[in-house]
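In UniProt numbering, the protein residues as written are 1 to 290.
We put the CB at the ideal spot given by N, CA and C, even for glycine.
Note sheet for the following structure.
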């Protein structure tokens, strides 16, 4: 049976708890859930863990930029090598590379900063969005589409995901076009207080529904009769302190799609309206037959 709640969160923490082989080399595992390839958010989160382990804990990650080069094999470990690019008075920069079978599958640049004071402003969250307690749960959606239940029950449920609009995995024809994809999320259990763990958990979650906003613009769906896709690159900026085990709204839109590629951007807001993070991702999107 798949894990849920705190048990699933504890397994996610195990996935993020890399084994250190030397000062700049780490090894990570993938959860054995029958996936054909490693989830992009997992390898990005692990790469950030590796980078963060080589930085002074007083310096908090504020941005990362990564490229998905090859699909990862979930049956073998991933080795992460970290290169120190710079350690300045205020910033540290690392390059983290993930490899399997002697080939790079993902690489990331991440920047860390000491806490400083300065100008402070942000755009407000979208208005009229129901709160997480007033939004359909995944169980509510699966009650409407029980034929989709098997795919979700095969995976561990470490993240509580609640779609404000229609999710992209419904059958073709059941989704109206919309200019945005909004999702409430939180880690579905308690995380330790380490800010790096929360940053890595948010990185993991940020890959879950971002590209869905590209399909939403056209009323398209994932899978047979719709679209298949893969992440090409991913960028994330962390603006303010947060906890990934507390609710945040992922407000995603797509400014452009062309050439079988779709661009998506997302903003993350806490329940009290603080803008905590921004993400941008481009993905490969191709139509498939029924």
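With a cut-off of 8 Å on Cβ pairs, the segment 233 to 246 is in contact with the segment 191 to 208, counting three or more such pairs. When C-alpha distances from residue 280 are compared across 50, 110, 237 and 260, the shortest belongs to 237.
With fewer than 16 other CB atoms across the displayed protein chains lying within 10 angstroms of its CB, residue 123 is exposed. Within the segment 94 to 176, the complete alpha helix (DSSP H) runs of at least 4 residues fall at 138 to 144 and 149 to 153.
The alpha carbon of residue 195 has as its nearest neighbour, out of 239, 173, 221 and 223, the alpha carbon of 239. Under the rule that a run must span 3 or more residues, the beta strand (DSSP E) segments found entirely inside the UniProt domain "Acyl-CoA thioesterase 2 C-terminal" (173 to 284) read 181 to 187, 227 to 238, 248 to 258 and 261 to 270.
Sorting 143, 7, 108 and 250 by C-alpha distance to the C-alpha of residue 161 places 250 at the top.
For residue 18, no beta strand (DSSP E) segment is defined, and its DSSP state is neither H nor E. Taking C-alpha positions only, residue 168 is separated from residue 215 by approximately 7 Å.
The beta carbon of residue 189 lies closer than 6 Å to those of 5, 6 and 9 in the same chain, with the five residues before and after it left out. By the CB criterion at 7 Å, residue 15 and residue 51 fall outside the cutoff.
When only Cα atoms are considered, residue 218 and residue 230 end up about 18 Å apart. Nearest to residue 73 by alpha-carbon distance, out of 148, 39 and 121, is 39.
Residue 94 counts as buried, since no fewer than 16 other beta carbons sit within 10 angstroms of its beta carbon.
With respect to the C-alpha of residue 141, the residue from 164, 61 and 234 having the closest C-alpha is 164. Per DSSP, reduced to three states, the secondary structure at residue 14 is helical. The residue from 24, 25, 22 and 43 with its alpha-carbon nearest to that of residue 12 is 43.
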